[in-house]
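Number of protein chains: 2
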Amino acid sequence: MKKAPTIRDVAAAAGVSVSVVSRVLNPESGPVAPAKREQVLRVIGDLGYRPRAAARELSAGHALTVGLVVADLANPFFAQLADRVVWEARSHGVQVVVMTTQEDPHLEAESLDTLLDRSVGGVIATPTGGNIEKWERLRDLGVNVVFVDRTIAELEDVDVVSIENSDSARRATEHLIALGHTRIGLITGPASTSTGRARIHGYRTAHENASITVDPMLVRDVPFRGDGGGDAVGSLLALPDSPTGLIVANTAQVQSSVRRLVQVGVRIPDDLSVIVFDDNPWTELTNPPLSAIRQPIDMLAVHSLELVLGRMQGRLPAGARTIEVKADFVPRNSCAPLIRSVAS
Amino acid sequence: MKKAPTIRDVAAAAGVSVSVVSRVLNPESGPVAPAKREQVLRVIGDLGYRPRAAARELSAGHALTVGLVVADLANPFFAQLADRVVWEARSHGVQVVVMTTQEDPHLEAESLDTLLDRSVGGVIATPTGGNIEKWERLRDLGVNVVFVDRTIAELEDVDVVSIENSDSARRATEHLIALGHTRIGLITGPASTSTGRARIHGYRTAHENASITVDPMLVRDVPFRGDGGGDAVGSLLALPDSPTGLIVANTAQVQSSVRRLVQVGVRIPDDLSVIVFDDNPWTELTNPPLSAIRQPIDMLAVHSLELVLGRMQGRLPAGARTIEVKADFVPRNSCAPLIRSVAS
DNA sequence: TACAAAAGTGGTACCGGTTCCACTCGGTCC
DNA sequence: GGACCGAGTGGAACCGGTACCACTTTTGTA
C-alpha cells in the first residue's frame, strides 16, 4: 500500500517551492514563469499527484461539496432528482453527499448536523417541515440552502425551486370536471406540507370556478410513508356516494393507491377516472396507462444546483429567490367522460 | 454569519487544554478525569461545538466516508440500492458520496479520481468493466473496494456481493421450459459484464438439462443504456420462428422491453410468456402483472456496507470474499403453458 | 516507607494544502 | 544613477483536529 504524493513531493521533484506548485494549481492566486509551470505540470502528471480535498477544505473553511437531503431514494421522483443533481454537480466539479430523512424530522436534524461537520457549501433539500431553527442555524453559518419541490412557510429568505403546484392540481381537476365529473377524490400529502396545501388549493379553485361545492370527505391528506395511499383509496371507495374521479397528487402515494385500486377490482377508467402526480416510466405501462402530471425533474435539479452553486460562488444578488417551473399534463387512458349509470 | 466554534474555543471555555477536549471526543485515546469530562461535555453542548470532518480527515489520512458508484439512479434497482446503502451507512455514522457512471468508463474513471481526492475509506461500486488499472491503483492506495451486483473477472482480490446470477437465470428458464416452451428469448446485459455472462450461462444450463439446443439467435446481449431492450424485442419478434417465452434479465432493459411489447400489441401471456429480472413495485401493476426474479436489494446493500466498513476498521481477515445471495422467483400472471396453435 | 505503575494533563509537531509577506531581480522613468 | 515598478519566487503561519511525549499527581503494592 503506497502513499499518495503530496504537494511537497511535487515541489521537491520539480525543484521549486510549494508556493509555486500551489500557484500552478490555482492560477488566479499568483504568477508563475511559463517554463516552471510546464515543469510542474509534467511532474504532477508523472507522479499522478492530486490535491487532497480535506486539506483544501480545512484551509478554505468550506468544501466544494453539496448535501442533498431527500426523503427516500426508493421513490422514483427523488431518485431521478438525485440522479440529475449528481450529474449536474459532477459537471461543475462538485461532489454530492446524499442523505435520506424517511420524512422523519429527527433523522433530518441528524443529517443536517452531519452535513455541517462536513462544511458543505450548500444543501439542496426536500424538507420534512420541522427543524426550523436548525435550518436557520445552517444559514447563519453560511451554508446556502435551497428547498426543492417543497418549502417551509415559516422560513423566509430561503431559495425555493418547485413546480406550480396549485396550478397543476387545478388543471388536473379541471380536466376531470370537463369530463363531467363532480365528485372527485383528492389524495395528497399532509396539509402540513407546502405541496399538500398548494395542491388542495388548486383543487378547490377548479371546483369554485365551476361552481361545484367541495365535499370535504373527498379530500384526503395522508402521510407519505406506509400505506397511506391505499387506505385513503379504501375509505374513498367506501363512501356512500363514492367519487367517480380521483387525483393522486403525490408521488409517494401513487403506487400504494394504484395497487389498492387494482386489488379491489375497480375498473379504470370505467368505474373511476384517475390522474396521478408525477410521470415515471412505469405509469404508461400500467393497465390502463395513467394520465399524469409530469414534473420536469431535470429543471428542478438544474435550477436547484444553479442556485446553490451561484450562492457558493457569491455571484448571485442577495435576497431569496423562488423559481416555479411548469408541469405538463400528459393525457393517457385513465380518464373517461362520466356516464350517469343509474340515476338521472 | 457567525463562525463555528473550534476545539480551542471549547478548551478555553472549559479551562482545559485541547488535548483534554480531544480525549473527551475520542475516549479510547486516553483518560480524562470524570469531573473535567462533564465540564467539557457541558461546554460542548452550550457552544454547539461539532468537530470539523476535514480537520479530522487531514490528520487521520482517510475519511469516514464511502463512495457509492452506480450506473444510474434513475434505474429503480440502483436507486433502491443507494437508498439502503445510505441508510445503513448513516446508522454507522458514515457518509456516502454518490457518483454515477452512466455506464461510461470515462465517467467512472473521473469518479474514482474524485473519490480518491476525498480520501474515502471505501468504495461500493457496480463497475462498468473498464478501468482495471484504476481499480488496482485504488486498492494499492488503501481504499477498500467492494463490487456489488457485478464484478470484473480480471480483478482478483476484490470483495464481491451479488445474487446467484447463473442460478436465477436457470430457474427462470426452467420455469418456462416446464410450461412447454422450447423457444425462449433472452435479453441481458453485454457479455462483457459478469452478470451478462452468468445469466447466459444459467439459461444455457437449463436448456442442456432439458436436452434442448439453444438457438444463438434467441440470445441478445445488448447495451444497458438507450433502447437496447426495445430493439432486442423487435428483432426477436421478427424472427421467422419467433420465441414463445422471453426472459428480460436486466433491470435496465425491462422498461424499454415491456414498452415495446405493449406498443406492438403482443398479448402477454397468450402470445408470449415473460419473466423479468428484478422486482420493483411497478412490476405487479403492469398488465398483466409480471413474473419476476426478485433481487434481495437490502441484503446486497447490507453485505456491501458490512464488508467495506469491516475492512476500513481492519476487523476482517485478509483475502477477498465473495458473497452470493439467493434471489426469489415471484410467479405472477405473465407466463402461460405453451399451446401449440397451428402446427402439430 | 519507598518506589513503581497508572491516571491525568498540557505542549507541540504534524497532516497537506492556501495565502500572505518579504525578497530578488530586471526594466522603466525621471 | 536612484527611485519605482511588477513579475517571479520561497518561507512560514495558518486552518482544526489528532497523537505522541514529557511531566505531575495519584494509587497500589511490596
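The listed protein sequences correspond, in order, to chains A and B.
All residue numbers in the first sequence are consecutive under this note's numbering, ending with 580.
All residue numbers in the second sequence are consecutive under this note's numbering, ending with 580.
The C-beta atom is built at its ideal place from N, Cα and C for all residues, glycine as well.
Given the structure is predicted, the values throughout are model-derived calculations rather than measurements.
Residues near residue i in its chain [Cβ-Cβ closer than 6 Å; skip 5 each side]
i: S265 of chain B; result: R259
i: R406 of chain A; result: G438, T441 and A442
i: A250 of chain B; result: Q275, V276 and V279
i: T519 of chain B; result: L526 and A528
i: E444 of chain B; result: none
i: G366 of chain A; result: P341
Residue i and residue j closer than 8 Å at C-beta
i: S398 of chain A; j: V384 of chain A; result: yes
i: K272 of chain B; j: V246 of chain B; result: no
i: T336 of chain B; j: V306 of chain B; result: yes
i: I413 of chain B; j: A434 of chain B; result: no
i: I448 of chain B; j: T418 of chain B; result: yes
i: L472 of chain B; j: G425 of chain B; result: no
i: S402 of chain B; j: H437 of chain B; result: yes
i: L497 of chain B; j: V455 of chain B; result: no
i: L294 of chain B; j: A345 of chain A; result: no
i: R386 of chain A; j: S347 of chain A; result: no
i: D395 of chain B; j: A556 of chain B; result: yes
i: R286 of chain B; j: D349 of chain A; result: yes
i: V500 of chain A; j: L508 of chain A; result: no
i: P517 of chain B; j: S570 of chain B; result: no
i: A572 of chain A; j: L415 of chain A; result: yes
i: D451 of chain B; j: V458 of chain B; result: no
Own chain partners of residue i with C-beta closer than 7 Å, once the 5 adjacent residues on each side are dropped
i: V544 of chain B; result: V302, G358, I360, N380 and V382
i: M582 of chain A; result: Lying before the first or after the last residue shown, residue 582 of chain A is absent from chain A, which here runs from 237 to 580.
i: R589 of chain B; result: Outside the shown range of chain B (237 to 580) lies residue 589 of chain B, about which nothing can therefore be said.
i: L343 of chain A; result: T337
i: M453 of chain A; result: L475
i: S580 of chain A; result: Confidence at S580 of chain A is low in this model, with a pLDDT of 38, below 50, so the placement of that residue should be treated as unreliable; the coordinate-derived value is given next. Around S580 of chain A: no qualifying Cβ.
i: L261 of chain A; result: P287
Contact with chain A by residue i, beta-carbon distance below 8 Å
i: W323 of chain B; result: yes
i: L473 of chain B; result: no
i: A554 of chain B; result: no
i: T364 of chain B; result: no
i: Q331 of chain B; result: yes
i: V334 of chain B; result: yes
i: R326 of chain B; result: yes
i: R354 of chain B; result: yes
i: K238 of chain B; result: yes
i: A318 of chain B; result: yes
i: D507 of chain B; result: no
i: A299 of chain B; result: yes
i: L541 of chain B; result: no
i: L521 of chain B; result: yes
i: T350 of chain B; result: yes
Test: residue i CB closer than 8 Å to a CB of chain B
i: D477 of chain A; result: no
i: M548 of chain A; result: no
i: S255 of chain A; result: no
i: G378 of chain A; result: yes
i: R496 of chain A; result: no
i: N262 of chain A; result: no
i: V484 of chain A; result: no
i: R503 of chain A; result: no
i: K370 of chain A; result: no
i: A345 of chain A; result: no
i: D393 of chain A; result: no
i: A489 of chain A; result: According to the sequence as given, residue 489 of chain A is Gln; it is not Ala. It does not; no Cβ of chain B falls within 8 Å.
i: E293 of chain A; result: yes
i: R288 of chain A; result: yes
i: L422 of chain A; result: no
i: L415 of chain A; result: no
Close-in-space but distant-in-sequence residues of the same chain around residue i (CB under 8 Å, 5 per side omitted)
i: V538 of chain B; result: R320 and E324
i: I368 of chain B; result: I388, E390 and L391
i: T364 of chain B; result: A307, T337, E339, D340, P341 and E344
i: G546 of chain A; result: L552
Whole-Å CB distance - residue i paired with residue j, under 8 Å assumed
i: M237 of chain A; j: G378 of chain B; result: 5 Å
i: V484 of chain A; j: I423 of chain A; result: 5 Å
i: L574 of chain A; j: T480 of chain A; result: 5 Å
task = Give a yes or no on contact between the segment 508–525 of chain A and the segment 486–496 of chain A, applying the rule of three or more CB pairs nearer than 8 Å.
result = yes
The segment 516–534 of chain B contacting the segment 561–577 of chain B, beta-carbon criterion three pairs below 8 Å = yes
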